[in-house]
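Residue numbering for the sequence shown follows my numbering, starting at 86 and increasing by one per position.
Every residue gets a Cβ at the ideal spot worked out from N, C-alpha and C, and that includes glycine.
Note sheet for the following structure.
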Amino acid sequence: MTTTASSTTSHHLSPAFPGRAPWGTASKLRAWQQGAMEKYIQEQPRDFLAVATPGAGKTTFALTLASWLLHHHVVQQVTVVAPTEHLKKQWAEAAARIGIKLDPEYSAGPLGREYHGVAVTYAGVGVRPMLHRNRCEQRKTLVILDEIHHAGDSKSWGEACLEAFEPATRRLALTGTPFRSDTNPIPFVTYEEGNDGIRRSAADYTYGYGSALNDGVVRPVIFLSYSGNMRWRTKAGDELEARLGEPMTKDAVSQAWRTALDPRGDWMPNVLRAADQRLSEVRKSIPDAGALVIATDQDSARAYAKLIREITGTKATVVLSDDSGASQRIEDFSHSDDRWMVAVRMVSEGVDVPRLAVGVYATTISTPLFFAQAVGRFVRSRRRGETASVFLPTIPMLLGFANEMEVERDHVLDKPKKEGEEEDPYAEEEKLLQEAEKQQDEDTGEQDTLPFEALESDAVFDRVLYDGAEFGMQAHPGSEEEQDYLGIPGLLEPDQVQLLLQRRQARQIAHSRKKPDTEADLLELPAERRPVVTHKELLELRKELNSLVGAYVHQSGKPHGVIHTELRRVCGGPPSAEATAGQIRERIKKVREWATRMR
Numbered sequence: 086m087t088t089t090a091s092s093t094t095s096h097h098l099s100p101a102f103p104g105r106a107p108w109g110t111a112s113k114l115r116a117w118q119q120g121a122m123e124k125y126i127q128e129q130p131r132d133f134l135a136v137a138t139p140g141a142g143k144t145t146f147a148l149t150l151a152s153w154l155l156h157h158h159v160v161q162q163v164t165v166v167a168p169t170e171h172l173k174k175q176w177a178e179a180a181a182r183i184g185i186k187l188d189p190e191y192s193a194g195p196l197g198r199e200y201h202g203v204a205v206t207y208a209g210v211g212v213r214p215m216l217h218r219n220r221c222e223q224r225k226t227l228v229i230l231d232e233i234h235h236a237g238d239s240k241s242w243g244e245a246c247l248e249a250f251e252p253a254t255r256r257l258a259l260t261g262t263p264f265r266s267d268t269n270p271i272p273f274v275t276y277e278e279g280n281d282g283i284r285r286s287a288a289d290y291t292y293g294y295g296s297a298l299n300d301g302v303v304r305p306v307i308f309l310s311y312s313g314n315m316r317w318r319t320k321a322g323d324e325l326e327a328r329l330g331e332p333m334t335k336d337a338v339s340q341a342w343r344t345a346l347d348p349r350g351d352w353m354p355n356v357l358r359a360a361d362q363r364l365s366e367v368r369k370s371i372p373d374a375g376a377l378v379i380a381t382d383q384d385s386a387r388a389y390a391k392l393i394r395e396i397t398g399t400k401a402t403v404v405l406s407d408d409s410g411a412s413q414r415i416e417d418f419s420h421s422d423d424r425w426m427v428a429v430r431m432v433s434e435g436v437d438v439p440r441l442a443v444g445v446y447a448t449t450i451s452t453p454l455f456f457a458q459a460v461g462r463f464v465r466s467r468r469r470g471e472t473a474s475v476f477l478p479t480i481p482m483l484l485g486f487a488n489e490m491e492v493e494r495d496h497v498l499d500k501p502k503k504e505g506e507e508e509d510p511y512a513e514e515e516k517l518l519q520e521a522e523k524q525q526d527e528d529t530g531e532q533d534t535l536p537f538e539a540l541e542s543d544a545v546f547d548r549v550l551y552d553g554a555e556f557g558m559q560a561h562p563g564s565e566e567e568q569d570y571l572g573i574p575g576l577l578e579p580d581q582v583q584l585l586l587q588r589r590q591a592r593q594i595a596h597s598r599k600k601p602d603t604e605a606d607l608l609e610l611p612a613e614r615r616p617v618v619t620h621k622e623l624l625e626l627r628k629e630l631n632s633l634v635g636a637y638v639h640q641s642g643k644p645h646g647v648i649h650t651e652l653r654r655v656c657g658g659p660p661s662a663e664a665t666a667g668q669i670r671e672r673i674k675k676v677r678e679w680a681t682r683m684r
């Protein structure tokens, strides 16, 4: 966030600052909530953007402020705009607890006298913007825009919000993730131009994950990453094989990822089994801890629920977004001590189930926005020492997001041109994907559905990511080494987690050194020495191969195509565009060998 436009929590205030909250709200506010309240009351702005990490308590802050504005007759009514039907009802319930009555079923006409306002969805505003504009014009209105980045989801939603709420007396925008995958401007958000000429969103108050972690407001997250060999058949009938984490083309990454998530393979059952073991360990300290699988689609969700029943012997709660009973299912799960819930998109954002402590990221959605919101479901802290555990496939992009959990981002309106962009053969594809994203709520992963057939998958414990560092050596599911990491206690202070992971890795390394090399069937290197090679690095390898082949063309007199075909014949593997980093390195080595012989 821009330093001139944002404030952060005062260091001298405790996480639960005992300030007098106005008009019958909670008796205690957290330090950041009190700080944001003080800034707002002092400045009295018409528009205010509060960015607070998921789980920090944005709802409490917004409703406390709403009660102050109503009490002091600054506004006469409140309109809350939420992303989903479930969240709309959740807002109404939270408001009722502090004496603000919102109608979550409002559709048109005059509002009942007993209500202080309404709770609606962005989609609802999109359908009838003039209805809400008329309400704002008739009475002084506070509009609370929850997760306001959704107002940039489509041009029509953004325009509808501008039309509906332009006359509002006050507008309070909230978000946990102010960045988007596209460059659609978000209504009522201020953008400031930096020294690089790029306009970024400017928040009035920021409370990031790092600050919340220091205050004990959110849990630290332990990411457990699983690799493994994937085999699939392309539309052309070619059978390809790759290891998760091995650099490959974007198409191959997409297909290997989807192969891993196929419920008929071995990857998902092994990861679900490991996650259930982790949940059992956590429940020793937190008896009601729950787990959530975030699935790509409804068929996968049902298949994962079936696997969970086979693995655990207990039924999982399945939440599908188009199911009329979805909200009630989430509510029932939240108040039970059931172990597992499986959902598609609905639980990824804003839904409050504080007992969720273990997650499985089983979706191909790969935007930083969705990832942050998904992980946000597990970080809400109820008591000091709780940890969250999220299981991931070893996909370079996801590991990057996991390592950047504490990085605060802004919504960028102007995308800088990347160095060497013109030489990137996938630049055009990136543009097409960006256009596709502008037509839908978020990147749903649907653009990755290139025709293919998943054939086979297996799972290997790969590494643990925590606080930007990586730990662990590869291990088979069910092995003593894997159990070492699954068995980390559920109640630990953040510095204890770091220390414990360092000790676990040291023990693994010591154990590995005692074994003969012939017994090492997995890569015996600690995680920090096994960097996951990115797509960009793969492009560099391909570029190096092409330049060496070009030099060998002049030396040998053979055409490019003939040399590439010969390299494939000698080294094996698919064409260069589909080859893995290991296969390209083999070809680089071979062509150098040929060039040396001809000298």
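- Contact between residue 289 and residue 141 does not hold, since the beta-carbon distance rounds to 15 Å and is not under 8 Å.
- Within the same chain, Cβ atoms closer than 6 Å to the Cβ of residue 476 are found at 309, 356, 360, 445, the five residues on either side in sequence being excluded.
- Take residue 249, set aside five residues on each side of it, and the residues of its chain with a beta-carbon closer than 6 Å to its own are 210, 214, 217, 218, in chain order.
- Secondary structure at residue 280: coil, using DSSP grouped into helix, strand and coil.
- Segment contact: the stretch 115-130 against the stretch 148-158, three or more CB-CB distances shorter than 8 Å; contact assigned.
- Taking 4 residues as the shortest admissible run, the stretch 294-363 contains the following complete alpha helix (DSSP H) segments, listed from N- to C-terminal end: 294-299, 335-346.
- Straight across, the Cα-Cα distance linking residue 651 with residue 625 is about 21 Å.
- Remark: three or more beta-carbon pairs, one from each stretch, lie closer than 8 Å, so the stretch 340-352 and the stretch 378-394 are flagged as touching.
- Taking a contact to require three or more Cβ pairs closer than 8 Å, the stretch 560-573 and the stretch 361-375 qualify as touching.
- Going by DSSP, residue 144 is part of no beta strand (DSSP E) but of the alpha helix (DSSP H) stretching over 143-156.
- Taking the C-beta atoms as reference points, residue 316 is found no nearer than 8 Å to residue 154.
- Cβ contact annotation for residue 121 (same chain, cutoff 7 Å, sequence separation greater than five): 135, 146, 290, in chain order.
- The beta-bridge partner set that DSSP reports for residue 542 consists of 315.
- Straight across, the Cα-Cα distance linking residue 647 with residue 322 is about 23 Å.
- Put simply, the backbone Cα of residue 675 is about 18 Å away from that of residue 623.
- With contact defined as three or more Cβ pairs closer than 8 Å, the stretch 364-380 and the stretch 411-429 are in contact.
- When secondary structure is reduced to three states using DSSP, residue 162 falls in the strand class.
- Between residue 370 and residue 574 the beta-carbon gap is near 6 Å, inside 8 Å, which marks them as a contact.
- Between residue 482 and residue 588, the alpha-carbon positions lie close to 27 Å from each other.
- Apart from sequence neighbours up to five positions away, the residues of its chain that approach residue 637 with a beta-carbon distance below 7 Å are 648, 676, 679, 680, ordered along the chain.
- Residue 465 has 303 as its beta-bridge partners, per DSSP.
- Selection 311, 598, 478, 202 evaluated against residue 449 yields 478 as nearest (Cα-Cα).
- Annotation for residue 394: the continuous alpha helix (DSSP H) segment containing it runs 383-397.
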